[in-house]
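In the working numbering, the protein residues as written are 56 to 232.
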């Protein structure tokens with residue numbers, strides 16, 4: 056499959072594909088991965104489908120603007136295409152969805168056409184649009200962790216990382232703290 060442009064359904068299949076984390080050399084499969092969730096976290100983890108057909112990069116960013124941003128991109132030759140991202144952002148952060156939903160937009164996303172998405176949300180790839188241009192509130196997804204801020208205003212980044220790994224079907228054991 057050429058991954059410079061693909062459908063929502065193809066992206067979902069890639070998300071569901073079993074993956075393993077590769078060591079920093081990009082060749083050896085990692086037996087177990089530890090992720091330090093400290094402020095300023097920036098990590099690019101190389102992933103490979105278990106059938107070795109696809110390479111992915113899982114990007115984890117933690118900054119002042121975003122509590123944490125978790126992205127999955129498919130790699131092919133000299134390009135990478137985003138297929139899924141979760142943004143844990145403040146309630147002041149707004150994402151603007153495209154105003155028009157073409158026939159390539161799945162029914163699940165059509166009701167969000169032209170909407171402003173406030174707070175934590177998930178981005179999806181849809182053919183015919185810029186990468187990850189469509190978003191929905193996390194509350195409207197099947198993503199396990201809807202918020203990483205508890206009633207005491209404590210932030211649990213580790214729970215988001217582990218939920219993302221599960222959602223994108225990473226088979227490598229992960230410890231996040």
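Glycine included, each C-beta is placed from N, C-alpha and C at the ideal position.
Which term fits residue i, buried or exposed, when burial requires 16 or more other beta carbons within 10 angstroms of its beta carbon?
| i | result |
| --- | --- |
| residue 84 | exposed |
| residue 56 | For residue 56, the predicted structure reports a pLDDT of 41, less than 50, and the residue's modelled location is therefore unreliable. A value from the coordinates is still provided. Residue 56 comes out exposed. |
| residue 228 | exposed |
| residue 126 | buried |
| residue 155 | exposed |
| residue 73 | exposed |
| residue 194 | exposed |
| residue 208 | exposed |
| residue 99 | exposed |
| residue 220 | buried |
| residue 124 | buried |
| residue 149 | exposed |
Please list, in chain order, all residues of the same chain as residue i whose beta carbon is under 8 Å from its beta carbon, the five residues on each side excluded.
| i | result |
| --- | --- |
| residue 94 | 117 |
| residue 82 | none |
| residue 135 | 112, 128 and 129 |
Just list the residues that DSSP pairs residue i with in beta bridges.
| i | result |
| --- | --- |
| residue 126 | 114 and 140 |
| residue 191 | 177 |
| residue 74 | 104 and 225 |
| residue 244 | No answer is possible for residue 244: it lies beyond the span of the chain, which begins at 56 and ends at 232. |
| residue 210 | 204 |
| residue 171 | 151 |
Quick check on the DSSP output: the beta strand (DSSP E) that includes residue i runs from which residue to which?
| i | result |
| --- | --- |
| residue 104 | 97 to 104 |
| residue 88 | 88 to 90 |
I'd like the list of long-range same chain contacts for residue i, defined as Cβ closer than 6 Å, with 5 residues on each side in sequence excluded.
| i | result |
| --- | --- |
| residue 60 | 182 |
| residue 88 | 76, 227 and 229 |
| residue 97 | 116 |
Give the range of the alpha helix (DSSP H) segment to which residue i is assigned.
| i | result |
| --- | --- |
| residue 163 | 162 to 165 |
Here's a check: name, in chain order, each residue in its chain whose Cβ is nearer than 7 Å to the Cβ of residue i, leaving out the five neighbours to either side.
| i | result |
| --- | --- |
| residue 217 | 229 and 231 |
| residue 62 | 159 and 182 |
| residue 214 | 200 and 203 |
| residue 210 | 122, 203 and 204 |
| residue 151 | 171 |
**Prompt:** Are there three or more Cβ pairs, one per stretch, closer than 8 Å when the segment 103 to 115 is compared with the segment 160 to 169?
**Reply:** no
**Message:** Count Cβ pairs between the segment 176 to 188 and the segment 202 to 218 that sit closer than 8 Å; are there 3 or more?
**Reply:** no
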